[in-house]
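One point on numbering: in the UniProt record's numbering, the residue at position 223 of the sequence shown is 223, and numbering is uninterrupted.
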Amino acid sequence: MEVLASSATASSSPHFLLSSFYKNHRSTVSMAATPPPQVLQWKYLPVRIVEARAKSPLMCIMTTSLQRPINYGNTDGDLKHSFLIPLVLRLSRSFVCQGGLFSANYSKVRKKLRLKKYAGSLHEVLKCSEKIRRHVFVFVAGLMVVMSASHSVSITPSWALTEENRIFLEAWKMIDRAYVDKSFNGQSWFRYRENALRNEPMNTREETYMAIKKMLATLEDPFTRFLEPEKFNSLRSGTQGALTGVGLSIGYPTKLDGPAAGLVVISASPGGPANRAGILSGDVILAIDDTSTETMGIYDAAERLQGPDGSTVKLTVRSGPEIKHLDLMREKVSLNPVKSRLCAVPASRKDSPRIGYIKLSTFNQNASGAVKEAINTLRSNNVNAFVLDLRDNSGGLFPEGIEIAKIWLDKGVIVYICDGRGVRDIYDTDGSQAVATSEPLVVLVNKGTASASEILAGALKDNKRAVLFGEPTFGKG
1 MEVLASSATA SSSPHFLLSS FYKNHRSTVS MAATPPPQVL QWKYLPVRIV EARAKSPLMC
61 IMTTSLQRPI NYGNTDGDLK HSFLIPLVLR LSRSFVCQGG LFSANYSKVR KKLRLKKYAG
121 SLHEVLKCSE KIRRHVFVFV AGLMVVMSAS HSVSITPSWA LTEENRIFLE AWKMIDRAYV
181 DKSFNGQSWF RYRENALRNE PMNTREETYM AIKKMLATLE DPFTRFLEPE KFNSLRSGTQ
241 GALTGVGLSI GYPTKLDGPA AGLVVISASP GGPANRAGIL SGDVILAIDD TSTETMGIYD
301 AAERLQGPDG STVKLTVRSG PEIKHLDLMR EKVSLNPVKS RLCAVPASRK DSPRIGYIKL
361 STFNQNASGA VKEAINTLRS NNVNAFVLDL RDNSGGLFPE GIEIAKIWLD KGVIVYICDG
421 RGVRDIYDTD GSQAVATSEP LVVLVNKGTA SASEILAGAL KDNKRAVLFG EPTFGKG
């Protein structure tokens, strides 16, 4: 059935024209056997039908205001989700619209009602006042205006995102996707984003960086940090084999290091300025150039420790109960990640064991290749076993740690990456990159073994490839 609506006002019901009623494929009543449909106007409808019908005009106004023909089906099918009273639900060949109740067959409707109190005629029931009808129409028309306004607002955002806003959102999304604590330290992460976009100044790149740092500070996690491009380049230079500084790897203190009043030394590069000055793993740096490190981030500290070749940096170091004041000259520190040698163990027998010793000091971009080269060189000297020394190795590039684990393992899981929802990723090996899987292997660790070193040591131990000797590790990986 098609219904066309003419213009409507708040004081009078619009006129409705019925066309092709009997041509509707949803109608099962034949034209020959059925009288023309009747129109029951508002004033003749029962009050309860009008109350139920108030839920329907919104659809009728929205569709007919576009002057398009609309096909209506049975009330049972079209209005079953509208919480209508049973009386209306039983009108199988009728529908509700703004003009009134249209029935395909009035006599059949009466039979389907099966209620004696309505046996006479629908014309004899209570009348609906014009005032109620007018209020319903005004309410629906007003609701349509509100919906149209809200639709236009939803299309156009209340503010346009700037380039600085998008940089902030990129950082927000990264934390939202990957951060392990999905409570975000007990705060609404989405609400923080909305408040920051409205209230934090982000007119310049520096202000945007400050907004990102302020956001990360709410997590109260010292290992979740933001690096500006300059600091990232400084970090990357340390993983590419050389840097100019004093040769220190630093981290945040743990309970093993005593009071957390500075930055702990994880390791000192052998032969570097700090190593020659007697700085040891576990010492705590209290100040750099008379600036306290108590609240200093490790990347800020690393930037202060680096500088031009030949320049001087002043350090205040606590070594046990002793406080040292040291002046160190910066120099180019070579970060050759691997040193190896052949060790012959004295024995009473003629053939003493030959041990291949490999010292891995950091995980830079050359580490895995250097380990393979050392293994092949030692094998040419007929070694019987290997010792992999990870003491004072503070880590470095995570992918290099995975690649070195694959050198020693024929199969197995290297590490699981987990977040608050469980396992997110699995790094494993099938043995295709294995180089040394048969010789006995011992791994040396201490409290300076951290990050990627701990991942490597743990993978070799868990897969029963190696035995670990030494001290409890740093606890970062």
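Note that CB positions come from ideal geometry on N, CA and C, so glycine has one too.
{"query": "Opposing strand residues paired with residue 178 [DSSP bridges]", "result": "Note: residue 178 sits in no beta bridge, so no partner."}
{"query": "Nearest-angstrom Cα separation, counted from residue 409 out to residue 216", "result": "38 Å"}
{"query": "Residue of 230, 232, 368, 222 minimising C-alpha distance to residue 434", "result": "368"}
{"query": "Bounding residues of the beta strand (DSSP E) (the contiguous stretch that carries residue 329)", "result": "322-329"}
{"query": "Beta-ladder partner(s) of residue 428, from DSSP", "result": "413"}
{"query": "Segment limits, beta strand (DSSP E) that includes residue 385", "result": "385-389"}
{"query": "Cα-Cα separation between residue 186 and residue 310, rounded to whole angstroms", "result": "48 Å"}
{"query": "Residue 161, buried or exposed, once every other Cβ within 10 Å from all chains shown has been counted against 16", "result": "exposed"}
{"query": "Residue 245, buried or exposed, once every other Cβ within 10 Å from all chains shown has been counted against 16", "result": "buried"}
{"query": "Spatial distance of residue 402 from residue 388 (CA atoms)", "result": "15 Å"}
{"query": "Length of the line joining the Cα atoms of residue 427 and residue 417", "result": "8 Å"}
{"query": "Residue 362 in three-state terms, based on DSSP", "result": "coil"}
{"query": "Proximity test, Cβ basis, 8 Å: residue 208 and chain C", "result": "Considering every chain present, this structure includes no chain C. It has just one protein chain."}
{"query": "Cut-off 7 Å between Cβ atoms - residues of its own chain near residue 339, not counting five sequence neighbours on either side", "result": "359"}
{"query": "Coil, strand or helix - residue 271 by DSSP", "result": "coil"}
{"query": "Cβ neighbour criterion (16 or more within 10 Å) applied to residue 313", "result": "buried"}
{"query": "Under the three-state DSSP convention, the category residue 371 falls into", "result": "helix"}
{"query": "Residue from 308, 269, 261 with nearest C-alpha to residue 296", "result": "261"}
{"query": "Spatial distance of residue 229 from residue 269 (CA atoms)", "result": "25 Å"}
{"query": "Residues of its chain near residue 151, where Cβ-Cβ distance is below 8 Å and the 5 sequence neighbours each way are ignored", "result": "Any reading at residue 151 must be qualified, since the residue scores a pLDDT of 45, below 50, and its modelled position is unreliable; the value itself is stated next. Closer than 8 Å at Cβ, skipping near neighbours: no residue."}
{"query": "Neighbourhood of residue 385 by C-beta distance below 6 Å, restricted to the same chain and skipping five residues each side", "result": "355, 439, 440"}
{"query": "Presumed contact (8 Å Cβ cut-off) between residue 370 and residue 337, rounded CB distance", "result": "5 Å"}
{"query": "Reference residue 195; option with closest CA among 220, 180, 168", "result": "168"}
{"query": "Sub-8 Å separation of residue 326 and residue 333 beta-carbons", "result": "no"}
{"query": "Range covered by the alpha helix (DSSP H) that runs through residue 279", "result": "Premise fails: residue 279 is in no alpha helix (DSSP H) and is neither H nor E."}
{"query": "Cβ-Cβ distance between residue 184 and residue 219 below 8 Å", "result": "yes"}
{"query": "Alpha helix (DSSP H) segment containing residue 214, residue limits", "result": "205-217"}
{"query": "Residues near residue 221 by beta carbon distance below 7 Å, same chain, minus five either side", "result": "none"}
{"query": "For residue 158, the three-state DSSP class (helix, strand or coil)", "result": "Low local confidence applies: a pLDDT of 47 at residue 158 is under 50, so the model's placement there is unreliable, and no value is given."}
{"query": "Local Cβ density within 10 Å of residue 391, reported as buried at 16 or more and exposed below that", "result": "buried"}
{"query": "Contact set for residue 430: own chain, Cβ-Cβ below 8 Å, skip 5 residues either direction", "result": "411"}
{"query": "Pick from 413, 448, 472 that is closest to residue 460, judged by C-alpha positions", "result": "413"}
{"query": "Sequence-distant residues of its chain with Cβ nearer than 7 Å to residue 531 (five each side left out)", "result": "Any property of residue 531 remains undetermined from this structure, which presents the chain solely from 1 to 477."}
{"query": "Residue span of the alpha helix (DSSP H) that contains residue 197, given as start and end", "result": "189-199"}
{"query": "Cut-off 6 Å between Cβ atoms - residues of its own chain near residue 193, not counting five sequence neighbours on either side", "result": "172"}
{"query": "Separation of residue 201 from residue 394, as counted between CA atoms", "result": "37 Å"}
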